[in-house]
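First the structure, in the form of structure tokens, and then the observations on it.
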Amino acid sequence: MAEEQPKTAPSPPSPAPDHRVPGHHHGLPELLPFKFFHELKRRNVGRVAILYTMISYVALEAFELFFHLLEIPAWAGRAAVLVVVLGFPAALIFAWVYEITPEGLKPTEEVPPQRSIRVQTGRKLDRAIIAVLVIALTYFVVDKFWLSKHATTEQTSAPPASAPAVASPAGTATTDKSIAVLPFVDLSEKKDQQYFADGIAVAVLDLLARVPGLRVVAHNSSFQLKNKADDLKAVGAELGATYVVQGSVGRSGDQIRVAAQLIDTRDGSQRWSSTYNRKSGDIFEVQDAIAANLARTMQLTLGSDFGSRSSTSNAAAYDVYLRGLQALDKWSKAGAEEAAGDLQQALSLDPNFALAALGRAKAYRMLGVNVWLPAAVAFEQARKAADLALRLDAQLSEAHAVLGEIALTYDWNLALADREISQATKLGGGIETLQAAARLAAVNNRWAQATELFQTALAADPLNANLYVLLAWGVELRSGQFAEAEADFRRALEISPGYGSARWTLGQALLFQNRLDEALDAMQHESPDNGQLEGTSIVYYAMGKKKQSDEWLKRAITHDSVLYPSAIAKVFAYRGEREQAMKWLEKAFAVKDGDLYFLKHEPLMKNLEGDPRYVAFLAKLNMPE
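Per this note's numbering, the very first residue in the sequence shown carries number 25; after that it's consecutive.
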């Protein structure tokens, strides 16, 4: 028998070989810090992070370019950034968990060391990083030194050799070299950048005004036709302009997109178009480029002084400045006060910003001329701002025009007014210079010259309600042309139905034509701040209703005794109450009432003519004979 072998306990089965690297798990390992960072490097997580960041940068820059070109909504840009941010941790987790093998992607824990190609993958990632880095640097250089200065899409065609002229209204001649700039459209997502779009349009217009041989319609008129942009032929006819400029502005963060086109109003054809994608700080270059291309398309030569001036390199200051200009265009007390504040802020941001100082001077002049502030406050602030503007830029003609009006309205110094306005004219002038010169001529009883100057201003600014009011009030009422004054007051109200003081002055034109019911209606539709109380009192007196006249006069004294005593003096003068009239004139003199400079030839003051006290009073104002 075979010897029985002793029984032994069976050996436990050998475990399957573990090809995983000890300590490495599917999730984040519990390693000492230095081992953890070593593992990040081994798995190429760092390389993936760098590559992801660089690719994201290039992708977002490319998206931004197409964002402007294709007018993609701003929310899409924010969504793209969000996707990139959320994708970053996902990419890192993916790099940790998975590994590239010859068989494709596999979980890292399932890849035997002998099958790993992490080293080769790392080298490929390094080459990819270098390649993307080269692309990113190339884009940066191109964007910095070329795209930012030449990012335009431009189409140009020459005007037709012969095109029929367009008939112009109100004696405004239309020539081949006439142009109007309509307000640019705000394409921002929130529609809160209209002030910025308007500012660019005005800047382009001002640049075009310095091109020799080109008649440019002032923005006061062209902006009146904002809602008629679909019928450019009619716009051209109404403004007397052969060409019209349209544009749009998109703004997102520090990026702006400005598009502009030149339309021939004779046939509606596009003569030139361009799109500019720039940084906000490059806005002055954009404005210059648009104006220069417009001039060249019309075959005009740029003058030696062409280009933006008296500006600022401070983007924040320029932004606030444009807000101030928009407020000033409201032609109201609240608008002028808002403008003064905004423009002071612009000066605080850039103390060398000459145009901001000029705008502040205009704001305070408006507050003074319309008796919305005490004259001593308004005109002294206007003078201070105008002087600053000229110290910063001695070539600012409008600053001299403001100083001329201050000399006329506040200082009652006709010689100084003449010097300042003459200097403004020598420097190139403009609508405001023509306006100041016309008012000076009227004060000097040069009615024909004043009318001619106003008509010249209206030829360049045919829809400026203020010019019609000043012509009617400063010249036609005072020279006895009551029907002509009425027509111009009504034209002003047609252009701007809410224009302050137009109904008060219209009421006067109707009063002197003995159309009392119409005069009363006009006066009572005016506001108390613009002569309603005094005007109504005068008309009731003309109707023989002294009781009602007294009631309205009492209200006027309560409302206007501090800022506007000359208006109360006019009521008493019209009623023949000379003692009271002189009393209130002296009060007006004491506060330097800004309306006194036009007192001579005031038809409401006729009852005082020849009175020695009144003659002596006019002499104190240095009024000419």
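Where a beta carbon is used, it is the ideal one built from N, C-alpha and C, also for glycine.
- Excluding sequence positions up to five before and after E542, its CB lies within less than 7 Å of the CB of L534, all in the same chain and listed in chain order.
- Bounds of the alpha helix (DSSP H) holding L642 are P636 to K644.
- Rounded to whole angstroms, the separation of the alpha carbons of E558 and N317 is 53 Å.
- Under the three-state reduction of DSSP, D288 is assigned to strand.
- Beta-bridge partners assigned by DSSP to D210: V273.
- In the structure shown, S372 adopts helical secondary structure according to DSSP, grouped into three states.
- Nearest to R290 by C-alpha distance, out of A341, A313 and K201, is K201.
- At least 8 Å separates the beta-carbon of P648 from that of D617.
- In this chain, the beta strand (DSSP E) harbouring A204 covers S202 to V205.
- In its chain, beyond the 5 residues on either side, L540 have a beta carbon closer than 7 Å to the beta carbon of M567.
- Annotation note: the region 242 to 267 contains the following uninterrupted alpha helix (DSSP H) runs of length 4 or greater, listed N- to C-terminal: 243 to 246 and 256 to 263.
- Contact between the region 384 to 397 and the region 616 to 632 is established, with three or more Cβ pairs separated by less than 8 Å.
- C-alpha of S561 to C-alpha of L464: approximately 30 Å in a straight line.
- Burial is judged here by how many other beta carbons sit within 10 angstroms of a residue's own beta carbon; P486 has at least 16 and is buried.
- According to the DSSP assignment, Y300 belongs to the beta strand (DSSP E) that extends over Q294 to K303.
- Rounded to whole angstroms, the gap between the alpha carbons of S335 and D230 is 13 Å.
- The C-alpha of R389 is placed about 32 Å away from the C-alpha of Q270.
- Within the model, the alpha-carbon separation for H549 versus N488 is close to 21 Å.
- Within the DSSP secondary-structure output, A340 pairs in no beta bridge.
- DSSP places A233 outside both helix and strand once states are collapsed to three, so it counts as coil.
- Rounded to the nearest angstrom, the gap between the Cα atoms of L623 and R599 is 17 Å.
- Between the beta-carbon of G383 and that of S421 there is about 14 Å, and that puts the pair past the 8 Å contact cut.
- Between F377 and A370, the C-beta gap is smaller than 8 Å, which places the two residues in contact.
- Counting only runs of 4+ residues, the alpha helix (DSSP H) found wholly inside the region 570 to 631 occupies 570 to 584, 589 to 598 and 602 to 614, in chain order.
- Inter-residue distance for K571 and R234 is about 58 Å (C-alpha atoms, whole angstroms).
- Remark: C-beta atoms of A406 and I430 approach each other more closely than 8 Å.
- Boundaries of the alpha helix (DSSP H) around L557: Q556 to A566.
- Taking I74 as the centre and dropping the five residues before and after it, the same chain places the C-beta of I153 closer than 8 Å to its C-beta, in chain order.
- For R389, the enclosing alpha helix (DSSP H) stretches over residues A378 to V393.
- With a threshold of 16 other beta carbon atoms within 10 Å, L106 falls short and is exposed.
- Counting only runs that start and end inside the region 428 to 478, the alpha helix (DSSP H) elements of at least 4 residues fall at 438 to 450 and 455 to 467.
- Non-local C-beta neighbours of A591 in its own chain, meaning closer than 6 Å and more than five positions away in sequence, comprise E558 and D584, ordered along the chain.
- The secondary-structure analysis by DSSP pairs Q279 across a beta bridge with S276 and K303.
- In the structure shown, R539 falls within a coil segment according to DSSP collapsed to helix, strand and coil.
- CA-CA distance, A358 to D222, rounds to 20 Å.
- The shortest CA-to-CA distance from Q537 to any of A460, T457, P627 and L349 is the one to P627.
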